[in-house]
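What follows is a short report on a single structure.
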Amino acid sequence: MRIPSDTGRTHPDTRDPATLARSRLPSLTGMRAVAAFLVAAQHFAEQPGLLPEGGTTDTIRVAFSAFGAIGVSFFFVLSGFVLTWTAVARPDDTAPRFWRRRFFKIYPNHVVTMLIATAFILWEGAPYAAERLSAPEAQLLLVHAFSIDPMVAFGFTGVSWSLSAEAFFYLSFPLLLPLVNRIPAARLWAATGGVLLLILAMPQVATLLPDEPAYPWYPSAWEYWFVAYFPVVKLLEFLLGVLLARLVLSRRWVRTPLPVAAAALVVCLIASPFVPTLYGLTAVVIVGIALIIPAGATADIERQPSFLRRRTMVWLGDISFAFYLLHTLALQFALQIWTRMNGTTTATSAIVLILAGLGVGILSSWLLFQFVEKPMQRRFSKSAGKTRTGGK
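If you use my numbering, the sequence shown corresponds to residues -6 to 385, in order.
This is the structure:
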């Protein structure tokens, strides 16, 4: 998987793409932690029974209402960037080897968290337990994001739909990358702009879909699913990451200081509750995401300061995949213990429960990372080199 060289570069770095791709990118690992905590912020804010009902709670829920979708989009763009970066460092890689590595990266964690979720749901005894466990075959085959039925798409852990999308990306990547590599470096910006425009257009395209059935949280299930979950549409975000990696590797990326890119992303996040729902899910923040990922990679390559490179951020990034899968279950477990002992929550107890959920989530994520994810990676993902990036 080779990236073509570029003779019309605008960047002073003279290293060829293969050499550049061996650069460590710890800031991208730190970004994974940011993405995971964006998802957790929405799920914690919307967890039934956690926050006392009232005006303040409603405001909090609206403020964080799109953070989950935004965090997952962040993961998808980052995934495309990192896999392209890694592919250049492995020029002799093959599709079967790539698929094997990806399978053992995500599938063991997925199966373990499915088992944990099954045990928790049965212990919890909620009236909808049977529905949450109703489609194990779709979960195991990682095709559940292709369903608009929320009990299929969001069964078991509630968040593994994104693995269904990632599996689709992984299947596509060995076919997609050679096509992207055919784009001349001088046209990369045009291609990137075209993909950005397509992402921005998806909410409008979604309005062509049927108005019924409805989700409990949105009047048209088809529209919401198409923009937020449909793997074919989400592939555009992954493709954007592939193109951004090529821009950096071809030294065509226009330098953007990391603090400026981070500020742009924060502005986009603040704006997300104030735009129409479908636009707030991805479209309003996609430019901010597209700025910060190359900015972080460039900061690492050029050894510029990066808050994302700090040891704590990198450690949280390392366990972020496990945390993403477990954070909701961890909070629900803490909440169940509390309500069985004390009944309803107060503002003070909600804060304690959020901290407890974070603590349990981080600890259980470290255990999953240390005793499942890492051993499986060591056993089945033998590296062709010592490159370390922020890949999922």
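Every residue gets a Cβ at the ideal spot worked out from N, C-alpha and C, and that includes glycine.
Since we're looking at a predicted model, the values are computed, not measured.
Original post:
When the Cα atoms are used, what is the spatial distance from F300 to S20?
Top reply: 8 Å
Original post:
Anyone know if the C-beta pair for A158 and K98 falls short of 7 Å?
Top reply: no
Subject >> Near the ligand ZN: L318 beta-carbon under 6 Å from a heavy atom >> reply: The ligand ZN is not part of the structure shown, which contains no ligands of any sort.
Original post:
What whole-angstrom Cβ distance do H36 and T338 have, given they're in contact under 8 Å?
Top reply: Actually they do not touch by this definition, with Cβ atoms about 16 Å apart.
**OP:** Name the one or two DSSP bridge partners that Y211 has.
**Re:** Y208
Subject >> Presumed contact (8 Å Cβ cut-off) between W215 and I141, rounded CB distance >> reply: 6 Å
Original post:
Going along the chain, which unbroken runs of the alpha helix (DSSP H) with 4 or more residues stay wholly within the segment 29 to 71?
Top reply: 48 to 56
Original post:
Would F60 be called buried (16 or more neighbouring beta carbons within 10 Å of its own) or exposed?
Top reply: buried
Subject >> Assigned exposure category for I330 - 16 Cβ within 10 Å defines buried >> reply: exposed
Original post:
Can you tell me whether DSSP reads G23 as helix, strand or coil?
Top reply: helix
Subject >> Cβ neighbour criterion (16 or more within 10 Å) applied to F57 >> reply: buried
Original post:
Taking Cβ positions, are L284 and T249 nearer each other than 7 Å?
Top reply: yes
Original post:
Per DSSP, what kind of secondary structure is D142 in: helix, strand or coil?
Top reply: coil
Original post:
Three-state secondary structure (DSSP) at E130?
Top reply: helix
Original post:
Could you give the residue range of the alpha helix (DSSP H) that holds E230?
Top reply: 224 to 242
Subject >> Residue from F113, F30, I282 whose Cα sits closest to the Cα of A254 >> reply: I282
Subject >> Straight-line Cα distance separating A122 from A132 >> reply: What sits at residue 132 in the sequence shown is Gln, not Ala. One C-alpha to the other measures close to 16 Å.
Original post:
Cβ atoms of A128 and G148: under 7 Å apart, would you say?
Top reply: yes
**OP:** State the CB to CB distance for the pair V235 and G64, rounded to an integer number of angstroms; the pair is presumed to be in contact (CB under 8 Å).
**Re:** The pair is not a contact, with the Cβ atoms about 20 Å apart (cut-off 8 Å).
Subject >> 8 Å contact criterion, which G23 and G310 should meet: CB distance rounded >> reply: 5 Å
Original post:
Which of helix, strand or coil does DSSP assign to T291?
Top reply: helix
**OP:** Say whether the segment 78 to 85 touches the segment 41 to 54, bearing in mind that this needs 3 or more beta-carbon pairs closer than 8 Å, one atom from each stretch.
**Re:** no
Subject >> contact_flag[the segment 362 to 376, the segment 92 to 111] where n(CB pairs < 8 Å) is 3 or more >> reply: yes
Original post:
Going along the chain, which residues of its own chain have a beta-carbon closer than 8 Å to the beta-carbon of L328, five neighbours each way excluded?
Top reply: Q40, G42, L43, T338, L346, G350
Subject >> Alpha carbon of R239 to alpha carbon of P269, nearest angstrom >> reply: 32 Å
**OP:** Please specify which runs of the alpha helix (DSSP H), each continuous and at least 4 residues long, are wholly inside the segment 147 to 177, giving them in chain order.
**Re:** 154 to 174
Original post:
Could you give the residue range of the alpha helix (DSSP H) that holds D311?
Top reply: 304 to 311
Original post:
Roughly how many angstroms separate the alpha carbons of A160 and A340, rounded to a whole number?
Top reply: 40 Å
Original post:
Could you give the distance in angstroms between the alpha-carbon of C261 and the alpha-carbon of V277?
Top reply: 6 Å
**OP:** Please report the residue range of the alpha helix (DSSP H) in which V105 lies.
**Re:** 88 to 117
Original post:
According to DSSP, is A276 helix, strand or coil?
Top reply: coil
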